[in-house]
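Each residue of the sequence shown is one higher than the one before, counting from 147 in my numbering. Just so it is clear, CB atoms sit at the ideal spot from N, CA and C, and this is done for glycine as well. Every value quoted in this text rests on a predicted model; they were computed, and no experiment measured them.
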Amino acid sequence: MRTGTGYSKTFSKMMWLFALLLVVLATGCDRDHGGAGGDPGPAGPAPNLGLASTYGIIAFDAINTGTIASHIYGDVALTGGVIASVTGAGANNVPAAPLLASTSVTTSDGVTPGIIIASDNGTAEKIATLPQLQLDLNAAYQDLINRPAPATVLTDAASAEGVNGGTFGAATDLSGFVLSPGVYASIATYGLSNAAGPLVLDAGGNPGAVFIIRSTAGGSGFTSTTGDVVLRNGARSTNVFWVVTNNITIGTGTFFQGTVVAGSTITVVDFANVEGRMLAGALGAGALTLTGTSIIVVPAP
């Protein structure tokens with residue numbers, strides 16, 4: 147158990163998220179598209195997630211939600227494996243053993259049972275959608291990974307202030323950065339530590355503004371360590387996209403905004419709160435792991 151300031155931070159984050167859930171429940175759950183309407187800005191329109199839009203979690207090889215209950219407000223799919231490869235996530239339509247029944251999977255209304263689909267689990271109709279689901283995920287990945295980013299070289303928070311996208315040439319801690327709508331690309335790893343404050347995504351009053359943050363690093367593309375993502379001036383989590391060629395880790399206690407599309411694996415560590423989607427295995431291999439009590443909420447459209 148956490149003590150002192152660490153526990154207080156975790157408690158306040160959880161209380162904030164419960165308030166967030168009330169907003170999500172009030173907004174409905176029709177999610178045919180990846181992002182909200184309006185002017186997307188310099189990044190271009192949000193990618194079409196297709197069938198992936200209603201899913202809180204997708205992985206190809208395996209899903210493991212650990213030994214402590216998590217809460218997933220959105221459907222779950224394993225596109226390349228059998229239900230035995232979904233461990234720790236006891237929920238609707240899933241055999242009781244060896245899964246943890248206290249992990250909950252519901253739709254975004256928090257009441258209607260969600261679904262967990264694998265090649266041998268779910269209705270025949272839903273199982274038949276798995277190949278198309280994987281194709282839609284890969285198409286969204288290809289769209290995001292190939293969006294052109296401005297050649298402007300960004301080296302620190304000051305150089306990123308007020309620009310609409312750019313290119314990072316080295317590993318960068320995004321703590322304290324304020325990013326405007328656009329495409330941000332790196333060949334190295336992004337970090338997020340909160341050392342200089344949270345990462346702020348500022349839409350400038352445009353709720354349709356799209357943010358794309360991309361890493362083509364050979365190993366981990368993004369690793370947060372208790373860092374937070376804050377939305378400002380109309381920015382919406384449904385219009386925020388993180389894409390990595392390989393792996394991403396959402397660290398302990400992180401409050402994270404946006405949809406992650408990973409070529410390979412995603413790890414969400416203890417007490418992380420995500421308003422977005424965790425979509426792993428876009429390149430045809432990759433697992434998703436929740437190591438402790440985390441909450442994932444598919445954002446309102």
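CB of residue i within 8 Å of CB of residue j, strictly
i, j, result
"glycine 404", "proline 186", "no"
"threonine 225", "isoleucine 203", "no"
"alanine 428", "tyrosine 287", "yes"
"alanine 198", "isoleucine 263", "no"
"tyrosine 330", "alanine 297", "no"
"leucine 338", "leucine 325", "no"
"alanine 98", "alanine 334", "Because the chain spans 147 through 447 in this model, residue 98 falls outside it and cannot be assessed."
"proline 344", "glycine 373", "yes"
"isoleucine 412", "phenylalanine 387", "no"
"valine 232", "isoleucine 209", "yes"
"asparagine 385", "valine 356", "yes"
Residue i, enclosing beta strand (DSSP E) - first and last residue
i, result
"glutamate 307", "Careful: glutamate 307 lies outside any beta strand (DSSP E) and carries neither H nor E."
"isoleucine 359", "357-361"
"serine 366", "366-370"
"leucine 345", "345-348"
"threonine 435", "433-436"
"aspartate 221", "221-224"
"alanine 208", "208-210"
"leucine 377", "375-378"
Limits of the unbroken alpha helix (DSSP H) element including residue i
i, result
"asparagine 392", "No alpha helix (DSSP H) contains asparagine 392, which DSSP labels as neither H nor E."
Beta-bridge partners of residue i, as assigned by DSSP
i, result
"alanine 408", "Val390"
"phenylalanine 402", "Val420"
"threonine 200", "For threonine 200, which the question treats as bridged, DSSP gives no partner whatsoever."
"threonine 413", "Thr395 and Thr435"
"threonine 213", "Beta-bridge pairing links threonine 213 to no other residue."
Residue closest to residue i, alpha-carbon to alpha-carbon, out of the options
i, options, result
"alanine 342", "Gly260, Asp302, Ile333 and Thr362", "Asp302"
"alanine 215", "Ala431, Gly430, Ala433 and Ala418", "Ala418"
"serine 265", "Ala230, Leu281 and Ala297", "Ala230"
"proline 193", "Thr411, Asn292 and Thr275", "Asn292"
"proline 188", "Leu281, Leu195, Thr318 and Gly328", "Gly328"
"asparagine 393", "Ala274, Val415, Ser370 and Ser366", "Ser366"
"alanine 317", "Asp289, Ser361 and Gly351", "Ser361"
"leucine 195", "Lys272, Asp221, Ile261 and Asp282", "Asp282"
"tyrosine 219", "Glu421, Leu425 and Thr439", "Glu421"
"arginine 423", "Gly312, Asp416, Val346 and Val444", "Val444"
"aspartate 416", "Ser410, Ala426 and Ile396", "Ile396"
>> Quick check on the DSSP output: what are the complete beta strand (DSSP E) runs of length 3 or more inside the segment 256-335, in order along the chain?
In response: 312-314 and 328-332
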